[in-house]
Amino acid sequence: MQIADGIVYVGVDDHELDLFEGQYIVPNGMAYNSYVILDEKVAVMDGVDQNFVDEWLGKVEVALGGRTPDYFVVQHMEPDHSAGITAFMDKYPEAVIVATVGAFNMMQNYFGTKFQGRNMVVKEGQTLSLGAKELTFIMAPNVHWPEVMFTYDAADKVLFSADAFGKFGALDADEGWDCEARRYYFGIVGKFGKNVQAVLKKVAKLDVEVICPLHGPILSEDLGHYIGLYQTWSAYEVETQGVVIAYTSVYGHTKAAVELLAEKLKEKGCPRVVVTDLARDDQAEAVEDAFRHNILVLATTTYCGGFFPTMHEFISHLEDHDYQKRTIAFVENGSWMPAATKGMKAITDTFTGIEYVENNVTIRGALNDASRAQIDALAAELAAKF
Ligand code: FEO
Numbered sequence: 026m027q028i029a030d031g032i033v034y035v036g037v038d039d040h041e042l043d044l045f046e047g048q049y050i051v052p053n054g055m056a057y058n059s060y061v062i063l064d065e066k067v068a069v070m071d072g073v074d075q076n077f078v079d080e081w082l083g084k085v086e087v088a089l090g091g092r093t094p095d096y097f098v099v100q101h102m103e104p105d106h107s108a109g110i111t112a113f114m115d116k117y118p119e120a121v122i123v124a125t126v127g128a129f130n131m132m133q134n135y136f137g138t139k140f141q142g143r144n145m146v147v148k149e150g151q152t153l154s155l156g157a158k159e160l161t162f163i164m165a166p167n168v169h170w171p172e173v174m175f176t177y178d179a180a181d182k183v184l185f186s187a188d189a190f191g192k193f194g195a196l197d198a199d200e201g202w203d204c205e206a207r208r209y210y211f212g213i214v215g216k217f218g219k220n221v222q223a224v225l226k227k228v229a230k231l232d233v234e235v236i237c238p239l240h241g242p243i244l245s246e247d248l249g250h251y252i253g254l255y256q257t258w259s260a261y262e263v264e265t266q267g268v269v270i271a272y273t274s275v276y277g278h279t280k281a282a283v284e285l286l287a288e289k290l291k292e293k294g295c296p297r298v299v300v301t302d303l304a305r306d307d308q309a310e311a312v313e314d315a316f317r318h319n320i321l322v323l324a325t326t327t328y329c330g331g332f333f334p335t336m337h338e339f340i341s342h343l344e345d346h347d348y349q350k351r352t353i354a355f356v357e358n359g360s361w362m363p364a365a366t367k368g369m370k371a372i373t374d375t376f377t378g379i380e381y382v383e384n385n386v387t388i389r390g391a392l393n394d395a396s397r398a399q400i401d402a403l404a405a406e407l408a409a410k411f
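Position one of the sequence shown corresponds to residue 26 (the numbering used here), numbered consecutively onward.
Spelled out as structure tokens, the structure:
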């Protein structure tokens with residue numbers, strides 16, 4: 026695949042992976058992107074996961090057409106991109122690694138060497154001429170790890186964006202960008218909104234026509250759409266007006282309450298209602314939905330004096346990814362001593378910019394007239410926010 030004159034895609038599709046980064050389901054696989062830039066000098070941009078190093082090296086060799094690479098640009102040291110560094114450097118003994126000082130420190134940790142004598146440490150704004158093309162390095166710390174940098178090729182108006190603008194799904198996946206890019210963003214980079222904002226400011230000064238991320242498709246049309254979503258996500262702003270109801274239920278009574286609430290919200294004209302069962306549905310999707318919408322209802326059972334484990338897991342994901350600036354409502358169930366709301370609120374009180382509703386719901390076992398009336402009041406209060 027030709028990206029631009031002299032820029033060739035040499036990445037791989039992974040359809041074997043069970044969990045990306047040990048936790049994210051990837052029903053449509055994963056792509057590890059790598060690129061070869063051919064000019065008077067030749068640069069290879071990043072590598073791939075350990076299970077695909079041989080396939081990647083084969084593709085690099087074909088793209089090189091008998092030439093040898095002068096530079097191996099390592100923008101990010103996470104092993105889904107860096108596993109093949111040693112194999113690459115063994116195969117191409119003339120090549121020099123171009124990376125940040127943080128990346129070389131990580132090479133020492135992973136491979137026991139900083140490739141002394143074959144390394145070029147680069148900093149913010151530093152350039153590397155390949156001939157007609159010149160690479161400019163843009164530091165992007167914590168997008169997603171601290172050593173990360175982007176690379177800009179002004180001649181072709183191509184931005185190599187490391188993990189940013191990536192998504193779950195192999196390149197041959199027949200699916201849109203937004204959903205799996207959002208799930209990827211909030212799962213992988215979501216905590217680092219300020220860092221993403223900082224690098225977006227730098228990118229805004231560049232003339233970019235093509236974005237080459239390390240995962241997912243190469244973006245070459247309607248870039249404003251993708252950059253706009255990254256602005257929204259990294260600023261923790263609301264993307265879509267609507268209510269997410271995240272629940273757990275043991276015997277179905279809390280589920281019945283959630284279904285009643287969802288029905289009433291729809292009746293009252295809520296623009297969008299999303300319901301997710303935290304014990305059965307993908308929690309990364311639930312996290313993505315929580316960040317996407319403006320209202321979150323947490324519905325769960327009292328459990329061991331606190332609240333249900335899968336709700337703990339979900340709130341812990343929100344905490345990890347700096348969930349903020351949203352409205353939260355609680356629905357608790359407790360047969361003899363309801364304590365779930367108190368337990369959940371103790372954690373959400375630590376989040377930034379959270380507003381609470383007045384009409385939370387308490388169920389004592391099964392729904393009754395009193396709890397149905399509470400659900401009605403909560404639905405009315407939430408619907409009035411749109
Ligand atoms: Fe795709 Fe942060 O590695």
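Built from N, CA and C at the ideal position, the CB exists for glycine as well.
- Cβ neighbours of residue 147 within its own chain (closer than 8 Å, five residues either side excluded): 123, 124, 125, 153, 162 and 174.
- Around the Cβ of residue 226, a 10 Å sphere holds fewer than 16 other Cβ atoms; the residue is exposed.
- Cβ-Cβ distances below 6 Å link residue 373 to 353 and 379 in the same chain, with the five nearest sequence neighbours on each side left out; the list follows chain order.
- Taking all protein chains shown into account, residue 219 has fewer than 16 neighbouring C-beta atoms within 10 Å of its C-beta and is therefore exposed.
- Pairing residue 297 with residue 258 gives a Cβ-Cβ distance that is not under 8 Å.
- Take the alpha-carbon of residue 142 and the one of residue 195: they are about 36 Å apart.
- Nearest neighbour of residue 138 by Cα position, chosen from 28, 240, 115 and 43, turns out to be 115.
- If one requires a minimum length of 4 residues, the alpha helix (DSSP H) runs lying completely within the region 159-229 are 203-209 and 218-229, in chain order.
- Short of 6 Å from the beta carbon of residue 316, and not among the five residues preceding or following it, lie these beta carbons of its own chain, in chain order: 211.
- For a cut-off of 8 Å, the C-beta gap from residue 184 to residue 228 is around 7 Å, short enough to register as a contact.
- Taking 8 Å as the cut-off, the Cβ atoms of residue 223 and residue 392 do not count as close.
- Taking 7 Å as the cut-off, the C-beta of residue 205 does not count as close to any heavy atom of ligand 1.
- Under the three-state reduction of DSSP output, residue 255 falls in the helix class.
- Taking each of 278, 277, 351 and 201 in turn and checking the Cα distance to residue 264, the smallest one comes out for 351.
- Rounded to whole angstroms, the gap between the alpha carbons of residue 409 and residue 334 is 32 Å.
- At the C-beta level, residue 188 and residue 101 come within 8 Å of one another.
- The alpha-carbon of residue 49 is positioned some 27 Å away from that of residue 235.
- Short of 8 Å from the beta carbon of residue 156, and not among the five residues preceding or following it, lie these beta carbons of its own chain, in chain order: 64, 65 and 66.
- The Cβ atoms of residue 287 and residue 325 lie no closer than 8 Å to each other.
- Sequence-distant Cβ neighbours of residue 40 in its own chain, meaning closer than 7 Å and more than five residues away, are 54 and 195.
- Every residue with a CB closer than 7 Å to a heavy atom of ligand 1 is listed here in chain order: 101, 103, 105, 106, 169, 170, 188, 191, 213, 239 and 240.
- In the three-state scheme derived from DSSP, where H, G and I count as helix and E and B as strand, residue 394 is classed as helix.
- Residue 407 carries a helical assignment under DSSP once its states are collapsed to helix, strand and coil.
- A buried status is given to residue 176, since no fewer than 16 other beta-carbon atoms sit within 10 Å of its beta-carbon.
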